[in-house]
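**Student:**
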Amino acid sequence: MKATEELMQEHRMIERVLSALERAAARLSKGQDVYLRFFAGTMVFIKNFADGCHHQKEEGILFPAMVENGLSRETGPVAVMLAEHEEGRRLTQKMRQSLERLQGCDESARNELVQNALGYTKLLRQHIYKEDNILFPMADKVIPTDQQQQITEAFKLLEHDETGDDVHEKYLGLAVRLESECLR
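In our numbering, the protein residues as written are 19 to 202.
1. Excluding the 5 residues flanking His72 on each side, which residues of the same chain have their C-beta closer than 6 Å to its C-beta?
2. Return the bridge partner residues of Asp150 from the DSSP annotation.
3. What is the residue span of the alpha helix (DSSP H) that Thr170 lies within?
4. Indicate whether Ala157 and Met84 have their beta-carbon atoms separated by less than 8 Å.
5. Which value, in whole angstroms, describes the spacing of the CA atoms of Met26 and Gln144?
6. Quick check: what's the CA-CA separation for Glu40 versus Gln166?
7. To which residues does DSSP link Asp184 through a beta bridge?
8. Return the chain-ordered list of same chain residues with a C-beta closer than 7 Å to the C-beta of Leu196, the five sequence neighbours on each side being excluded.
9. Taking the alpha carbon of Glu171 as the point to measure from, which residue in Ala68, Ile79 and Glu187 has its own alpha carbon closest?
10. What are the start and end residues of each continuous alpha helix (DSSP H) run of 4 or more residues lying completely inside the region 82-132, in chain order?
11. Which whole-angstrom value is the C-beta distance of Val132 and Leu54, which I expect to be below 8 Å?
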């Protein structure tokens, strides 16, 4: 499997969590009760899988290979993806802050949490579309086959956490729990 195909498979898992986050945010915006632990779990998924594993593969391995093979880091598709990763981190931080305030019984943070969650899901959906349909096909064209194999091998090294556990299995389980939890 190509490295870009692996990243697209990870996108499908991230999209599952985005759908759950959208449903939970919609319920919260209507004044319905949502277990706040759902949002805390989503923050764990985003920090450790979407940003920690997936974006690390892109920023630390794939994007540098694309730059090495002629694309610019400062302008064009790679620069846009990096800027969107940063925007996602900013929105995640704001989501975390509003969640903490809401957990502390500050009801004014409810709408803020909803807006940050919806902003994050919108950004990530657009971002994933661009990567799947523009950036990854471009990577497949510019990165030589032998280097693509090296990228796949480097990805494998990142796919295990400090305990040696498979990150995909661990966070797929969390994604499934988040999907069911947002429906409560």
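Just so you know, even glycine gets a beta-carbon here, dropped at the ideal spot from N, CA and C.
**Tutor:** Considering the structure as presented:
1. Residue 72 sits at position 54 when you count from the first residue of the sequence shown. Taken in chain order, the residues that qualify are Glu28.
2. Sequence index remark: in the sequence shown, residue 150 carries index 132 (1-based). Answer is none; Asp150 lacks a bridge partner.
3. By 1-based counting over the sequence shown, the position of residue 170 is 152. Per DSSP, Thr170 belongs to the alpha helix (DSSP H) from Thr163 to Leu176.
4. Taking the first residue of the sequence shown as position 1, residue 157 is located at position 139. Taking the first residue of the sequence shown as position 1, residue 84 is located at position 66. The answer is yes: Cβ separation under 8 Å.
5. In the sequence shown, counting from the first residue as 1, residue 26 sits at position 8. In the sequence shown, counting from the first residue as 1, residue 144 sits at position 126. Between Met26 and Gln144, the C-alpha separation is close to 14 Å.
6. Position 22 of the sequence shown holds residue 40. Position 148 of the sequence shown holds residue 166. About 35 Å.
7. On the sequence shown, position 166 is the one that residue 184 refers to. Asp184 pairs with His178.
8. For this step, residue 196 is matched to residue 178 along the sequence shown. These residues qualify, in order along the chain: Val35, Ala38, Phe56, Gly59, Thr60 and Phe63.
9. One-based indexing of the sequence shown puts residue 171 at position 153. Taking only the C-alpha atoms, the option nearest Glu171 is Ile79.
10. 95-121
11. For the purposes of this step, residue 132 is identified with residue 114 of the sequence shown, where counting begins at 1. For the purposes of this step, residue 54 is identified with residue 36 of the sequence shown, where counting begins at 1. Incorrect: roughly 13 Å between the Cβ atoms, too far for contact.
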